[in-house]
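Trainee: Structure provided below as structure tokens; questions to follow.
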Amino acid sequence: MKQKKIEEPVIRYGYSPGAIGRITELHARYYHQHWEFGLFFESKVASELVEFLSRFEENRDGLWTAVANKQIVGAIAIDGIHADAGEAHLRWFILAPEYQNVGTGNRLLGQAIDFCRKAKFDRIYLWTFSGLDAARHLYEKYRFRFVAEQAGSQWG
């Protein structure tokens, strides 16, 4: 069986019309399919993304989208709200299923890490959970390390 060739995405920096909806949709569909997350999770992603973009500062925060066929197929953000403490929060890292394991995530994460280096953040942190093995492998490639594990209900 021949595998369908996908268009190489272009990585774009910053907000674009429809980004909030599409990034939220990618999260909602993926996490519903794999973990049965529902309305609470989707609304949390949307509201926190809106809050982030409403206080976005160019030198402190970053948003990158991977775009193919005029559609966002992936995203990642750096939230520098704690820049005074030297900390950057990596958030909303997501890829459409057909763009997983083909290098798009590596490109997005590389852009975010480069931004943090240039902005001179001392530390980049993120929240994740068990079962996201491909993402964890990519984080480890970029020298993230596992610090703590705790049970929680923040995702719904």
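Each residue of the sequence shown is one higher than the last, beginning at 230 in this note's numbering.
The beta-carbon is built from N, C-alpha and C at its ideal position, and this holds for glycine as well.
Under DSSP, the beta strand (DSSP E) around Asp308 begins and ends at which residues?
Mentor: The count along the sequence shown starts at 1 and reaches residue 308 at position 79. From DSSP, the beta strand (DSSP E) with Asp308 extends over Gln300 to Asp308.
Trainee: Are the CB atoms of Arg251 and Ile301 within a distance shorter than 9 Å?
Mentor: Here residue 301 refers to the residue found at position 72 of the sequence shown. Here residue 251 refers to the residue found at position 22 of the sequence shown. Contact flag set, yes.
Trainee: Tell me which same chain residues have a C-beta within less than 7 Å of the C-beta of Gly381, skipping the five on either side of it?
Mentor: If you number the sequence shown from 1, residue 381 lands on position 152. Only weak support is given to the placement of Gly381: the predicted model assigns it a pLDDT of 49, under 50, and the value that follows is read from those uncertain coordinates. Excluding sequence neighbours, Gly381 sits near nothing in its chain.
Trainee: Tell me the rounded alpha-carbon separation between Thr265 and His256.
Mentor: For this step, residue 265 is matched to residue 36 along the sequence shown. For this step, residue 256 is matched to residue 27 along the sequence shown. Checking the sequence shown, residue 265 turns out to be Glu, not Thr. When rounded, the distance between both Cα atoms is 12 Å.
Trainee: Taking the beta carbon of Pro238 as the centre, do at least 16 other beta carbons fall within 10 Å, making it buried, or is it exposed?
Mentor: As a working mapping, residue 238 is identified with position 9 in the sequence shown. That one is buried.
Trainee: Ignore the nearest five residues each way along the sequence and tell me which others in Ala306's own chain have a CB closer than 7 Å to its CB.
Mentor: Taking the first residue of the sequence shown as 1, we reach residue 306 at position 77. Closer than 7 Å at the Cβ level, and outside the excluded window around Ala306, lie Phe281, Gly291, Leu292, Arg320 and Trp321.
Trainee: Going by other Cβ atoms of all chains shown within 10 Å of its Cβ, with 16 needed for buried, is Gly334 buried or exposed?
Mentor: The residue labelled residue 334 in the question sits at position 105 within the sequence shown. Buried: at least 16 other Cβ atoms inside 10 Å.
Trainee: Within 10 angstroms of the Cβ of Val331, are there 16 or more other Cβ atoms? Answer buried if so, exposed if not.
Mentor: For the purposes of this step, residue 331 is taken as the residue at position 102 of the sequence shown. Answer is exposed; the Cβ neighbour count stays below 16.
Trainee: Tell me the rounded alpha-carbon separation between Trp356 and Tyr328.
Mentor: Within the sequence shown, numbered from 1, the residue matching residue 356 stands at position 127. Within the sequence shown, numbered from 1, the residue matching residue 328 stands at position 99. So the alpha carbons of these two residues sit roughly 22 Å apart.
Trainee: With a 10 Å radius around its C-beta and 16 neighbouring C-beta atoms as the bar for buried, classify Ala314 as buried or exposed.
Mentor: What you label residue 314 is simply residue 85 of the sequence shown in a count that begins at 1. With fewer than 16 other Cβ atoms within 10 Å, it is exposed.
Trainee: Do you know how far the Cα of Phe358 is from the Cα of Glu316?
Mentor: Translated into positions along the sequence shown, residue 316 becomes position 87. Translated into positions along the sequence shown, residue 358 becomes position 129. Approximately 20 Å, taken between the alpha carbons.
Trainee: What are the start and end residues of the alpha helix (DSSP H) that includes Val274?
Mentor: As a position in the sequence shown, residue 274 is number 45, starting the count at 1. Per DSSP, Val274 belongs to the alpha helix (DSSP H) from Leu268 to Ser283.
Trainee: Could you check which residue in Gly267, Arg289 and Leu338 has the C-alpha nearest to that of Lys349?
Mentor: Sequence index remark: in the sequence shown, residue 349 carries index 120 (1-based). Checked all of Gly267, Arg289 and Leu338; the closest Cα to Lys349 is Arg289.
Trainee: With a threshold of 16 other CB atoms inside 10 Å of the CB of Val279, please say whether the residue is buried or exposed.
Mentor: The sequence position of residue 279 within the sequence shown is 50, counting from 1. When all chains shown are included, Val279 counts as exposed.
Trainee: Can you give me the Cβ contacts of Ala341 inside the same chain, cut-off strictly under 7 Å, excluding the 5 residues immediately before and after it?
Mentor: Indexing the sequence shown from 1 puts residue 341 at position 112. For Ala341, where only same-chain residues beyond five positions count, the Cβ hits under 7 Å are Gly291, Trp293, Ile305, Ile307 and Leu319.
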